[in-house]
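Chains as they are written, first to last, in the numbering used here: chain A, 491 to 625; chain B, 491 to 625.
The beta-carbon is built from N, C-alpha and C at its ideal position, and this holds for glycine as well.
What follows is a single structure, written as structure tokens, with notes after it.
2 protein chains.
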Amino acid sequence: MLSKKTKYGIKALTCIARQEKGTMLQIAAIAEKENISHKFLESILLTLRKTGVLGAKKGKGGGYYLLKNAVEVKMTDVIRTLEGPIAMVPCVSLNFYEKCDDCPDENACAVHKLMIQVRDNTLDVLRNTTLADLV
Amino acid sequence: MLSKKTKYGIKALTCIARQEKGTMLQIAAIAEKENISHKFLESILLTLRKTGVLGAKKGKGGGYYLLKNAVEVKMTDVIRTLEGPIAMVPCVSLNFYEKCDDCPDENACAVHKLMIQVRDNTLDVLRNTTLADLV
DNA sequence: TATAAACCTAGTAACCCGATAGGGTATATG
DNA sequence: CATATACCCTATCGGGTTACTAGGTTTATA
């Protein structure tokens with residue numbers, strides 16, 4: 491299940507991406523348009539800024555704007571920052587790998603094999619979808 | 491993230507499927523082999539029995555056995571009973587649909603569109619994988 | 001300098017997951 | 001019949017995560 495954090499994050503990004511280049515969009519504006527709690531959205535945009543997707547300008551007339559071109563913002567990146575692993579099980583995660591406590595042999599594990607397939611199919615979609623595709 | 495419930499359930503099913511047809515496999519045996527809490531596994535097998543995948547025999551020499559042919563047990567079914575929705579967001583779930591609170595128009599929602607694609611790709615894998623493929 | 005906006009740190013209520021406890025009930029076997 | 005075996009069922013609990021809030025700080029503009 492996708493967390494609301496990620497969901498809100500993607501929605502906010504599309505809002506910002508739809509803006510004319512160079513213009514700002516404020517938290518309050520996004521929050522109202524997308525029916526998101528202002529404070530919660532604030533924390534989400536903050537992490538997106540820290541990872542380098544968004545830029546921000548403080549003070550009157552400030553707001554958020556895209557740092558990259560929308561075509562360069564892959565969904566894999568967005569989801570990994572906000573949600574964490576894309577894989578359904580840590581033992582098949584590329585970026586957040588973790589061994590299972592049970593399972594002496596990963597290669598003999600039925601769940602492992604199945605979830606690798608699911609992961610690859612999901613990655614296929616997310617890697618080939620950029621912010622530009624969503625606007 | 492796949493819950494341990496589902497993970498354990500799939501593992502247990504493969505154990506049972508590997509048995510000779512007609513033979514029983516006991517909770518304790520599965521629990522030990524797969525390093526699963528006995529009581530927890532008990533509750534999992536119980537729900538699998540109630541959905542008609544497994545049969546059980548009480549008393550000495552009892553245990554669990556497959557009711558269906560392994561080829562007929564689709565992963566979609568197993569995951570839906572143990573995990574719930576396969577979709578990453580309720581508004582694109584086929585079997586557990588739920589409208590979002592935010593989102594006045596589903597068709598205009600970027601997340602919605604994206605997650606339909608992810609769902610379809612995941613379903614492709616899970617629908618075409620049966621218990622027989624895992625053993 | 002007043003105001004508007006992002007920044008930052010904490011905290012919290014509600015919820016869910018994994019596990020456990022403690023029995024009840026049916027059924028083989030001797 | 002007696003007894004052990006093994007499934008059936010409900011309740012509960014600790015720990016972790018999620019979604020969200022409070023309140024103040026910093027910085028830019030008018």
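In this structure, T496/A sits away from K564/A, with a CB-CB distance that is not shorter than 8 angstroms. Using a 10 angstroms sphere on the CB of T541/A, the tally of other CB atoms stays under 16, which defines it as exposed. For K547/A, the enclosing beta strand (DSSP E) begins and ends at L544 to K547.
With a cutoff of 8 angstroms on beta-carbon distance, R570/B and N559/B are scored as not near each other.
Under a 10 Å Cβ-count criterion, K501/A is classified as buried, with 16 or more other Cβ atoms of the shown protein chains found around its own Cβ. When secondary structure is reduced to three states using DSSP, G553/A falls in the strand class. Boundaries for N525/A: no alpha helix (DSSP H) harbours it, and the DSSP string shows neither H nor E there. For the stretch 588-614 of chain B, the set of residues with a beta-carbon nearer than 9 angstroms to any beta-carbon of chain A comprises C590, D591, D592, C593, P594, C599, A600, V601, K603, L604, M605, Q607, V608, D610, N611, T612 and D614, in chain order.
Not a single CB atom of chain A sits nearer than 8 angstroms to the CB of V543/B. Between the beta-carbon of V582/A and that of R617/A there is about 16 angstroms, and that puts the pair past the 8 angstroms contact cut. One finds nothing in chain A with a Cβ atom closer than 8 angstroms to the Cβ of K564/B; even the nearest lies about 12 angstroms away. For K589/A, same chain residues with a beta-carbon under 7 angstroms away, outside a window of 5 residues either side, are C581 in chain order. Taking a beta-carbon distance threshold of 8 angstroms, T619/B counts as an interface residue toward chain A. For chain B, the residues of the stretch 558-586 of chain A that bring a beta carbon within less than 7 angstroms of one of its beta carbons are M565, M578 and V579, in chain order. Using a Cβ-Cβ cut-off of 8 angstroms, K497/A counts as an interface residue toward chain B, since at least one Cβ of chain B sits closer than that to its own.
Within the same chain, A577, M578, V579 and V582 come within 7 angstroms of M605/A by CB-CB distance, once the 5 residues on both sides are set aside. Secondary structure at L536/B: helix, using DSSP grouped into helix, strand and coil.
When C-beta atoms of the stretch 592-606 of chain B are compared with those of the stretch 516-523 of chain B, fewer than three pairs fall below 8 angstroms, so the two segments do not count as touching. Between the alpha carbons of E524/B and K603/A lies a distance of about 16 angstroms. Proximity to C599/A across L613/B, M491/B, C599/B and L624/B peaks at L624/B, based on C-alpha coordinates. Assigned with DSSP and collapsed to three states, T504/B falls in helix. Measuring C-alpha to C-alpha distances from V561/B to each of F530/B, L536/B, A622/B and R508/B identifies A622/B as the nearest. Under the 10 Å beta carbon count, L536/B is surrounded by fewer than 16 other beta carbons and is classified as exposed. Contact of M491/B with chain A by beta-carbon distance below 9 angstroms involves M491, G574, P575, A577, M578, V579 and P580.
Interface flag for E532/A against chain B is unset, since no Cβ pair is found closer than 8 angstroms. Counted as a single uninterrupted DSSP element, the alpha helix (DSSP H) harbouring D610/A occupies residues A600 to R617.
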